[in-house]
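What follows is a set of notes on a single structure, which appears directly below.
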Amino acid sequence: MSPRFWSRLTAGPLLVVSALLFTAPVALAHTVLVGSNPAVDSTVTSLPSKLTLTFADNLLQVSGKVLNSVSVTDSMKMEIASNAVVNGNTLTAELKETMAMTGAFTVNYRVVALDGHVVTGKYVFTVGTKAAASPTIAIPSSGSQNLVANLSGSLAGVKNSTASGVAHLAFNFSTKQVCYTVSETGLSGITAMHVHPMMQGSSMDMTVSDEVFILLNNSAVNATSPVCTSVKPLMMAEIVANPSHYAVMIHTKDHPDGAVAGWLKKSN
Numbered sequence: 008m009s010p011r012f013w014s015r016l017t018a019g020p021l022l023v024v025s026a027l028l029f030t031a032p033v034a035l036a037h038t039v040l041v042g043s044n045p046a047v048d049s050t051v052t053s054l055p056s057k058l059t060l061t062f063a064d065n066l067l068q069v070s071g072k073v074l075n076s077v078s079v080t081d082s083m084k085m086e087i088a089s090n091a092v093v094n095g096n097t098l099t100a101e102l103k104e105t106m107a108m109t110g111a112f113t114v115n116y117r118v119v120a121l122d123g124h125v126v127t128g129k130y131v132f133t134v135g136t137k138a139a140a141s142p143t144i145a146i147p148s149s150g151s152q153n154l155v156a157n158l159s160g161s162l163a164g165v166k167n168s169t170a171s172g173v174a175h176l177a178f179n180f181s182t183k184q185v186c187y188t189v190s191e192t193g194l195s196g197i198t199a200m201h202v203h204p205m206m207q208g209s210s211m212d213m214t215v216s217d218e219v220f221i222l223l224n225n226s227a228v229n230a231t232s233p234v235c236t237s238v239k240p241l242m243m244a245e246i247v248a249n250p251s252h253y254a255v256m257i258h259t260k261d262h263p264d265g266a267v268a269g270w271l272k273k274s275n
């Protein structure tokens, strides 16, 4: 056979392999906000010169493109954030001086995870007379914490008003795992279970987020013994410190956006 034939024969597979290498996903997991300074819903005595947002994983960066951004507006709706910088899993921005010395300041962020998933969020901190607690989350090296979520189908954002359930989760910092069992009544065609970041407001309504904080194994439903999943210690510490900011949700074929859900709280 001619050299030209062998050239055509080998070029095809090489091109296919090259395409796969350059189109393969960088990561498989989304990210989520796990810390901030000023902290979520905190009150600080004066406006700091810098805002810092900390995420569970590194953020995607592409040369020449702005993928990650943050906006901060004061109580007069004036933009005060500038010079946003990404360094690994942190996003920082300078905060300009403002005429609104006190009041509520609103943070809106848009970041891109390593897998290309866009994550958006919003929170408020207040500048006033009360000092804020430290936003740093302590990560225990040992010990455990039990949490429980009473699942209902009547909360805002879920569809099945007749179903119910209970999720028991034990976060073990020694093994870096969460072990859990889930009981349910009235559900069929379960497709997935997640721990979602969901803020519990004064209206007791649930704001459903498409972000997944922890993927739970379906085999834990009505199981006789707990199922365990490895979780990053920082994520476990965030949940244990602020359980009411997270909820367990069960998704079904008939209700893919959520059939039952319930906020986490501490248990014995």
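8 is the number of the first residue of the sequence shown in the numbering used here; add one for each residue after it. Where is the CB? At the ideal position from N, CA and C, for every residue including glycine.
Practice prompt. Pull up the CB-CB distance for Leu67 and Leu74, whole angstroms please, since I reckon it's below 8 Å.
Written response: 6 Å
Worksheet item: With 16 other CB atoms within 10 Å as the buried threshold, where does Asn94 fall?
Response: exposed
Worksheet item: Where does Pro45 land, buried or exposed, given buried means 16+ other C-beta within 10 angstroms?
Response: buried
Worksheet item: So who's on the other strand from Glu245, going by DSSP bridges?
Response: Paired residues: none, contrary to the question.
Worksheet item: So, are the CB atoms of Pro250 and Leu158 less than 7 Å apart?
Response: no
Worksheet entry | Span of the beta strand (DSSP E) around Phe178 | 171-179
Discussion item. So, under 8 Å CB-CB, Val165 and Ala266 are touching, yes? Tell me the CB distance rounded to an integer number of Å.
Written reply: So it is a contact: roughly 6 Å between Cβ atoms.
Worksheet entry | Endpoints, beta strand (DSSP E) assigned at Val155 | 151-159
Item to complete: Please report the residue range of the beta strand (DSSP E) in which Thr57 lies.
Response: First, the amino acid is wrong: residue 57 is Lys here, not Thr. Here the beta strand (DSSP E) through Lys57 covers 57-62.
Worksheet item: Does the distance from the CB of Ala177 to the CB of Ser151 come in under 7 Å?
Response: For Ala177 and Ser151, yes; Cβs fall inside 7 Å.
Worksheet item: For Ser226, does the three-state DSSP call read helix, strand or coil?
Response: The answer is helix: DSSP assigns Ser226 an H, G or I state.
Discussion item. To the nearest angstrom, how far is the alpha carbon of Val185 from that of Val79?
Written reply: 35 Å
Worksheet entry | Own chain, CB closer than 7 Å to Ser89, minus 5 neighbours either side, in chain order | Ala100, Glu101, Lys103
Worksheet item: Does any CB atom of chain D fall closer than 7 Å to the CB of Gly95?
Response: Any reference to chain D falls outside this structure, which holds one protein chain only.
Discussion item. Here's the rule: buried if 16 or more other CB atoms are within 10 angstroms of the residue's CB, otherwise exposed. What is Thr192?
Written reply: exposed
Fill in: Residue of Ser161, Leu98, Val234 minimising C-alpha distance to His175
Val234
Worksheet item: Out of Gly71, Ala156, Met108, which has the shortest C-alpha to C-alpha gap to Asn275?
Response: Ala156
Worksheet item: Nearest CA to the CA of Thr61: which residue from Met242, Thr198, Ala230, Ser53?
Response: Met242
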